[in-house]
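Structure, as C-alpha cells:
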Amino acid sequence: MIPPHFTYHAPTDLDQVFALLSEFGSKAKLLAGGHSLLPMMKFRFAEPGHLIDLGTVTGLKGIEVTEESLTIGAMSSESDILKYPDMDTLCPLLFEATGLIADPQIRNRGTIGGDIAHGDPGNDQPSVMLALDASFQLVSAAGTRLVKADQFFLGTYQTVLQPDELLTKIIIPRAAANRRCGFRKLKRKTGDFATAACALTLTLEDNQCSDVRIALTNLGPKSFRAEHAEWQLNSQPLSEDSINAAIHLAMQACEPAEDQRGNTEYKIKMAGEMLKRALSDAIE
Ligand SMILES: Cc1cc2nc3c(=O)[nH]c(=O)nc-3n(C[C@H](O)[C@H](O)[C@H](O)COP(=O)(O)OP(=O)(O)OC[C@H]3O[C@@H](n4cnc5c(N)ncnc54)[C@H](O)[C@@H]3O)c2cc1C
C-alpha cells in the first residue's frame, strides 16, 4: 500500500523544526521512526502534505543517568534503551516492557518519543511512564514546559501536545532501592500489540504497600491508572482478600474495545490476570 504524496523535510536543528511547523501548520507531521505514522498514512487515516523528519535533528537522542533521574532523548530507539549498559537494573520495568514491544526490526526504528506522542492506547510506553511517574519535556518556539505522564494522555491518539510542539525528553525519577515493579503483557504472537498489559510499581514494607501505581494498556480509550485498585492496596495490609479486591476494582475500570484480540469480557478477565501476575512478580 502506498501512502499519499508528501514533501519530505530534513531539518538539522530545533529552530528549523519550529520554522517548518509554523510554515505548514496542520498540513505537517513530525516523523520519528515512522512505525505508527506511515501505516496510518497508508490507510489514509493521516494525510500530511509535509513530513518533518526528527531523525536528522541533532540533540534528540541519548540517555543520561544521574542520581535523581534517567533522562531519555525522545528520538532514542527502543533498541537504544535495551542496549544501554545496566538498563535492566537501572530501570527494570522500562527494560522488561521495551523488550516486549513488537519485534526487533520495529524496536530498531521505533522511538520512545514516538511511542508516547502517538497516544495509542495499545502502545506500551504510556503505561510504563504512568507507572514510573515520568515527566515529559515539551518544546516549542514559545518555550519549554514539563508535563507529568499523569496529565499527558487525553484519549485515543490525543495528548496535550500542541501542533507547534514536540516531545524532546522523557524524565524518569530514579526509584528508591526498596521500590518494586512488575510488568505483564498478553499478546497473541510476537509483533502484536497487547491484548491486555499491566505495568506497576510499589513499595512494600512490613506487609504494607504504599505509593502503588498500576497502569493498564489497551484496556480503554487511553492508557490509564487503576486508581481505585491502587487505593485498595495502599489502604490495608497485603492479603489474598486485599489483592482480589484490588484486581476486581481494576477490572471494573477497564473499557476495552472488542476486536480481533477478543471481546470485552475476555479482555477484562485478562486485565485482572495481568495485574495478578504483575503484582505477584513485584511482591516476590
Ligand atoms: C506491527 C507493529 C507492532 C507494534 N507493536 C507495538 C507494541 O507491542 N507496543 C508498542 O508500544 N508499540 C508497538 N508498535 C508501535 C511502535 O512501537 C511505533 O514505533 C511507535 O508507536 C511510534 O514510534 P515511532 O518512532 O515509529 O513514531 P512515528 O510513527 O514516526 O510517529 C508516531 C506519531 O508521533 C508523532 N511524534 C513522533 N515523535 C514525536 C516527538 N518527538 N514529538 C512530538 N510528536 C512526535 C508523529 O508525528 C506521529 O503522529 C507496533 C508497531 C507495529 C507496526
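Per this note's numbering, the very first residue in the sequence shown carries number 56; after that it's consecutive. Just so it is clear, CB atoms sit at the ideal spot from N, CA and C, and this is done for glycine as well.
Identify the continuous alpha helix (DSSP H) that holds I302 and give its terminal residues.
E295 to Q307
When every heavy atom of ligand 1 is checked, does at least one fall within less than 7 Å of the C-beta of A172?
yes
Which residue marks the beginning of the beta strand (DSSP E) containing K242, and which one marks its end?
It is not in any beta strand (DSSP E) - K242 carries neither H nor E in the DSSP assignment.
Could you compute how far the alpha carbon of L75 sits from the alpha carbon of K116?
20 Å
Going residue by residue through the stretch 225-276, where are the continuous alpha helix (DSSP H) segments of at least 4 residues, counting only ones entirely within it?
none
Count the other CB atoms within 10 Å of the CB of E133; is the residue buried (16 or more) or exposed (fewer)?
buried
Give me the Cα-Cα distance between L148 and G104, rounded to the nearest whole angstrom.
38 Å
Less than 7 Å separating the Cβ of L92 from some heavy atom of ligand 1?
yes
Is L86 near ligand 1, with its Cβ less than 7 Å from a heavy atom?
yes
Cβ distance (whole Å) where P176 is taken to contact N273 below 8 Å:
6 Å
7 Å CB neighbourhood of G317 in its chain, flanking five on each side removed:
T250
Per DSSP, G198 forms a beta bridge with which residues?
S195
Given a cut-off of 8 Å on the beta-carbon distance, is the pair I118 and L109 in contact?
no
Cutting at 6 Å between CB atoms, please list the residues of its own chain near I161, excluding the five before and the five after it.
H90
Using 8 Å for Cβ pairs, my map puts A101 next to M95. What's the rounded Cβ distance?
4 Å
Could you pull the start and end residues of the alpha helix (DSSP H) that G327 belongs to?
T319 to I338
Could you tell me which of F208, F191, F207 and L209 sits nearest to L201, measuring between CA atoms?
F191
Helix, strand or coil for E119 per DSSP?
strand
What first and last residue would you give for the alpha helix (DSSP H) that runs through D108?
Counting along the chain, D108 falls outside any alpha helix (DSSP H), though it belongs to the beta strand (DSSP E) covering H105 to D108.
Start and end of the beta strand (DSSP E) containing K84?
A83 to L86
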